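Taken in order, the sequence shown gives residues -23 to -1, 1 to 384; the numbers are from mature numbering (1 follows the signal peptide of the UniProt record, and there is no 0).
The structure appears right after this line, and notes come after that.
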Amino acid sequence: MALSKKCVVRAALAFALISVAACSSDTVSFSENNRGSIDQSCWEAVGIDSWPIKEEEQVCGTNGVLYPSQNALKCISKQAGVEQQEREKCSGGSDGGKFDPCVALAYVATRRVCGSDNVTYNNVWHMVCTSNMYSVEINAEHDGECAIECPYSPVYKPVCSTTDYTFANEQALKCKQILQPYIKNAFQHEGQCKRQQSTNPCYESNTFTPVCASNGHTYTSAQHIRCLKQVNSDLRALHDGACTPDEVKEIIGLDDVCRMANHRQEWSPICGSNNVTYPNSYRYLCAKKDKGEDLQVSYMGECGSFDYCRQPEPDASPVCGTDGVTYPHDNALYCAQASSRYLGKKHQGACNETVDDPCLHRGFPFLDDNGRPVCASNAVTYVSPEALWCAAKNDSGIKFIHSGECF
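Shown next, in the form of structure tokens:
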């Protein structure tokens, strides 16, 4: 499977732990769970097998980069089309023939290793790259994640460090201090760092991530609602996605719905039981009221867009979602994503409680990441969707409301 040029560039430039799956739909993430699909050369190139680096085993690629071994070059060759050339041709390059551990190999394959600094790295070459960046000696200790105990909280309460970086909470900052003591990070103050503080919310809503508000209207994003709170302090977000007809009926009432339908320019399609697509709840309720039809909602969305949810492929098999829930088939998972924008496919087959439980990872943000805060129905802001899913395992009433902090 070829790795797109764009993905290779992103991977090579990124100095963070990333999954290649985030780059492009035609990429693959190497892990213990899918080793069977990995070429043996790639498996050996990025794991403990390849440690330590031996200068006599380095080979020259046609991109002018020295690779740590024949296996490493074979792996990159399959991913990015780099071939081997005479060793001498690398010695005269701009890097002087020096091995560059931050080439794409460090990020395109996941085979986690534990470093001597007690940090879990994506693979050996991610570890070597970090070692060079901070001029700190780090050696590979063993395959797999490090056994560490970090302070943890699932609640998002941002703090600013002395490096002017915002962490999800004070526990995340303390964990950073434990894992990478050579980076001088200390607590500076509560809240986001000034350079990362939000500006006026009325000027931030550039994306369409609809959210239903307590006045029965659907807004383009949670930020839009946050903006309107400046003139209506009682306004709040109800849930992610468009308001349903039942919600509009209860909040606004049928008497005003047809008048509003003629003026409300909103695209939140609803498929009726008559197989007609209505642009929003107002139009649907008005049609039901005026025409006296025995009209019901088939589903939220354009007619035909979710028919496959009820019609799986003949050879459909269960899939595991990133929320740790087993879905009967791919279509069911895809449809569930309509009400949970962070939900994705973890792997084919039923979820395994011992490895797929979102509580195992506790939603803890990666290093150098201040989290992906999400607001839940219990008015708590969690550091990430995973932290919210974990909380929902113990309380089924906890639901995703919108991205960002609760307000």
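Beta carbons: idealized from backbone N, C-alpha and C, even for Gly.
Keep in mind it's a predicted model, so treat the numbers as computed, not measured.
For the beta strand (DSSP E) containing residue i, list its first residue and its last residue.
i: Cys259; result: For the record, residue 259 in the displayed sequence is Tyr; it is not Cys. That residue, Tyr259, is in no beta strand (DSSP E); its alpha helix (DSSP H) goes Ser258 to Asp267.
i: Asp94; result: Run containing Asp94: none; DSSP gives neither H nor E here.
i: His379; result: Phe377 to Ser380
i: Tyr276; result: Val274 to Met277
i: Cys352; result: Val351 to Ala353
For the putative contact between residue i and residue j, defined by C-beta atoms under 8 Å, what is the C-beta separation to the nearest angstrom?
i: Pro45; j: Glu34; result: 7 Å
i: Ala353; j: Lys370; result: Not a contact, Cβ separation roughly 13 Å.
i: Gln165; j: Ser138; result: 6 Å
i: Tyr133; j: Thr358; result: 4 Å
i: Tyr259; j: Met237; result: 5 Å
i: Ala219; j: Thr195; result: 4 Å
i: Lys322; j: Leu310; result: 6 Å
i: Ile228; j: Asn192; result: 7 Å
i: Val188; j: Ala163; result: Actually they are not in contact, since the Cβ atoms of Val188 and Ala163 sit about 37 Å apart, beyond 8 Å.
i: Leu320; j: Gly298; result: 6 Å
i: Pro128; j: Lys151; result: 5 Å
Shortest alpha-carbon distance to residue i belongs to which of the options?
i: Ile115; options: Pro128, Thr143, Phe144 and Pro158; result: Pro158
i: Val42; options: Trp28, Cys67 and Lys55; result: Cys67
i: Asn329; options: Val302, Ser54, Asn308 and Gly374; result: Val302
i: Gln242; options: Leu231, Asn257, Asp233 and Val136; result: Asn257
i: Ile25; options: His103, Tyr196 and Phe185; result: His103
i: Cys170; options: His306, His194, Phe144 and Glu224; result: Phe144
i: Thr39; options: Glu60, Gln47 and Leu50; result: Glu60
i: Gln154; options: Ile125, Val90 and Tyr311; result: Ile125
i: Lys266; options: Gly298, Lys226 and Ala293; result: Lys226
i: Pro222; options: Gln17, Pro246 and Asp292; result: Pro246
i: Asp217; options: Gln17, Cys19 and Arg318; result: Arg318
i: Ile53; options: Cys297, Ala163 and Ala22; result: Ala22
i: Asn48; options: Cys106, Cys127 and Cys19; result: Cys19
i: Trp28; options: Val105, Asp94 and Cys79; result: Val105
i: Cys79; options: Asp94, Ser93, Glu65 and Asn99; result: Asn99
i: Ser361; options: Thr186, Ser112, Asn146 and Leu50; result: Asn146
i: Asp232; options: Arg203, Cys204 and Ala264; result: Ala264
i: Asp333; options: Asn308, Glu363 and Asp307; result: Glu363
i: Gln17; options: Ile30, Glu167, Glu32 and Leu50; result: Leu50
i: Ser282; options: Ala293, Tyr261 and Asn308; result: Asn308
i: Val113; options: Ser93, Asp141 and Lys31; result: Ser93
Taking a contact to mean a Cβ-Cβ separation below 8 Å, would you say residue i touches residue j in this structure?
i: Phe117; j: Val101; result: Going by the sequence as given, residue 117 is Ala instead of Phe. Yes, the pair counts as a contact, with Cβ atoms nearer than the cut-off.
i: Pro335; j: Gly381; result: no
i: Cys248; j: Ser275; result: yes
i: Leu212; j: Ala190; result: yes
i: Trp366; j: Asp300; result: yes
i: residue 467; j: His379; result: Any property of residue 467 remains undetermined from this structure, which presents the chain solely from -23 to 384.
i: Cys235; j: Val253; result: no
i: Pro295; j: Ala315; result: no
i: Glu122; j: Arg88; result: no
i: Ala356; j: Cys383; result: yes
On the DSSP letters alone, give me the boundaries of the alpha helix (DSSP H) that residue i sits inside.
i: Gln200; result: Ala199 to Leu205
i: residue 467; result: In this structure the chain extends from -23 to 384, so residue 467 is not present and cannot be described.
i: Glu33; result: Taken as a continuous stretch (DSSP letters only), Glu33 belongs to no alpha helix (DSSP H), as it is neither H nor E.
i: Leu150; result: Glu147 to Leu156
i: Glu243; result: Here Glu243 belongs to no alpha helix (DSSP H), and DSSP marks it neither H nor E.
i: Glu63; result: Counting along the chain, Glu63 falls outside any alpha helix (DSSP H), and DSSP gives it neither H nor E.
i: Ala313; result: Asp307 to Ala313
i: Glu126; result: Careful: Glu126 lies outside any alpha helix (DSSP H) and carries neither H nor E.
i: Val208; result: Premise fails: Val208 is in no alpha helix (DSSP H) and is neither H nor E.
i: Trp28; result: Run containing Trp28: none; DSSP gives neither H nor E here.
i: Val332; result: Glu330 to Asp333
i: Pro362; result: Pro362 to Asn371
What I want to know is whether the C-beta of residue i ends up closer than 7 Å to one or more non-hydrogen atoms of the ligand NAD.
i: Ala117; result: Ligands in the displayed structure: none, and consequently the ligand NAD is not present.
What are the residues that DSSP puts in a beta bridge with residue i?
i: Gln325; result: Val296
i: Gly218; result: Val188
i: Phe144; result: Val136
i: Met110; result: According to DSSP, which records beta bridges pairwise, Met110 is partnered with nothing at all.
i: residue 404; result: The structure shown does not extend to residue 404, since the chain spans only -23 to 384, so no value can be given for it.
i: Tyr319; result: BP columns for Tyr319 are empty, so no partner.
i: Thr254; result: Cys248
i: Tyr196; result: Val188
i: Tyr359; result: Val132 and Val351
i: His119; result: Cys91
i: Tyr159; result: Note: Tyr159 sits in no beta bridge, so no partner.
Please confirm if residue i has its CB atom under 8 Å from at least one CB of chain B.
i: His119; result: Note that chain B does not occur in the displayed structure, where there is just one protein chain.
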